[in-house]
Amino acid sequence: DVKVTQSSRYLVKRTGEKVFLECVQDMDHENMFWYRQDPGLGLRLIYFSYDVKMKEKGDIPEGYSVSREKKERFSLILESASTNQTSMYLCASSYGLAGISVGSYNEQFFGPGTRLTVL
Amino acid sequence: KQEVTQIPAALSVPEGENLVLNCSFTDSAIYNLQWFRQDPGKGLTSLLLIQSSQREQTSGRLNASLDKSSGRSTLYIAASQPGDSATYLCAVGGRGTASKLTFGTGTRLQVTL
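Structure representation (structure tokens):
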């Protein structure tokens, strides 16, 4: 089974702190994603990565950065946390290449989520 | 820009009933469509993936269909059980790098005894 793990289930931080959220997958997936989930807004993509050291902005990248130094690990960084970044953060990974639409290519598997509260 | 809509937003049914959840999307140029289940406070569990060349996928009591031309997908749950109570999310995979998903806001299902 695919396993995606996230470093913390719950996290409480202060405004202005630098926050690191870690995600690890054990299935040698090329693609990794960071989403946030808010009531009424659904899941929104923050950043994704399709290879080591490669990243692309999603729909709401402002206030966030990411790092992917190893294939299995994808980190989300809040440079200076703000109260409007209080949210549920979800990491996902998938096996696949652009343009491939067969079998289980590009099926996304999610981690358990990190509930971040910024005070 | 792709938009995904799920109707109804909430549904309550008695145990044993068969039910259908609906998902519609505005841009038919998709690579795949994925159905997820989410329990309160938890991550998403992948239920079914339908590639753009397929019309349906089945897993146990679940059957998902895809009609790209009309921009619709349905998730059929047979013989519902209280353990099926959860939020069900539909997500459409777009063309391009990594087949990024656009999510609907979900249908919250409650199956009562």
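Listed in order, the protein sequences are those of chains X and C.
With this note's numbering as the guide, the letters of the first sequence map in order to residues 25 to 143.
With this note's numbering as the guide, the letters of the second sequence map in order to residues -16 to 96.
C-beta: ideal position from N, C-alpha, C; glycine also.
These figures come from a predicted structure and were not determined experimentally.
{"Check": "Endpoints, beta strand (DSSP E) assigned at C/Y71", "Outcome": "A69 to G77"}
{"Check": "Residue-chain proximity (X/F44, chain C), Cβ-Cβ < 7 Å", "Outcome": "no"}
{"Check": "Test item: CB-CB of C/T70 and C/R55 under 7 Å", "Outcome": "no"}
{"Check": "X/F133 vs X/S111 beta-carbon contact at 7 Å", "Outcome": "no"}
{"Check": "Rounded distance between the beta-carbons of C/L27 and X/L209, thought under 8 Å", "Outcome": "The shown model of chain X, from 25 to 143, leaves out residue 209 of chain X, and the question about it has no answer."}
{"Check": "Contacting residues, own chain, Cβ-Cβ under 8 Å from C/E39 (five flanking each side not counted)", "Outcome": "I33, N46, A47, S48 and L49"}
{"Check": "Residues, ordered as in the chain, of the stretch 74 to 90 of chain C that lie near chain X by beta-carbon distance below 9 Å", "Outcome": "A74, G76, R78, G79, T80, A81, S82, K83, L84, T85, F86, G87, T88 and G89"}
{"Check": "Near-chain X residues of the stretch 24 to 43 of chain C - C-beta to any C-beta below 8 Å", "Outcome": "G24, K25, G26, L27, T28, S29, L32, Q34, S35 and S36"}
{"Check": "Burial state of X/M78 (16 or more Cβ within 10 Å)", "Outcome": "exposed"}
{"Check": "CB contact check: C/N46 to chain X, cutoff 7 Å", "Outcome": "no"}
{"Check": "C/N1 at chain X interface by Cβ criterion, 7 Å", "Outcome": "no"}
{"Check": "Rounded distance between the beta-carbons of C/G87 and C/T9, thought under 8 Å", "Outcome": "The pair is not a contact, with the Cβ atoms about 11 Å apart (cut-off 8 Å)."}
{"Check": "Closest by C-alpha distance to X/D146, when choosing among X/K81, X/V90 and X/M56", "Outcome": "Residue 146 of chain X is absent from the structure shown; chain X starts at 25 and stops at 143."}
{"Check": "Residues sharing a beta bridge with X/Y119, DSSP", "Outcome": "X/Y119 pairs with nothing; no bridge assigned."}
{"Check": "7 Å Cβ shell around X/E131 - same chain, five flanking residues per side excluded", "Outcome": "S118"}
{"Check": "Nearest candidate by alpha-carbon position, reference C/L96, set C/G(-1), C/S52, C/G43 and C/R78", "Outcome": "C/G(-1)"}
{"Check": "Min CB distance X/F134 to chain C below 7 Å", "Outcome": "yes"}
{"Check": "Where X/R60 falls, given that 16 or more other Cβ within 10 Å makes a residue buried", "Outcome": "buried"}
{"Check": "Cβ distance (whole Å) where X/V142 is taken to contact X/T39 below 8 Å", "Outcome": "6 Å"}
{"Check": "Delimiting residues of the beta strand (DSSP E) encompassing C/A(-7)", "Outcome": "A(-7) to P(-3)"}
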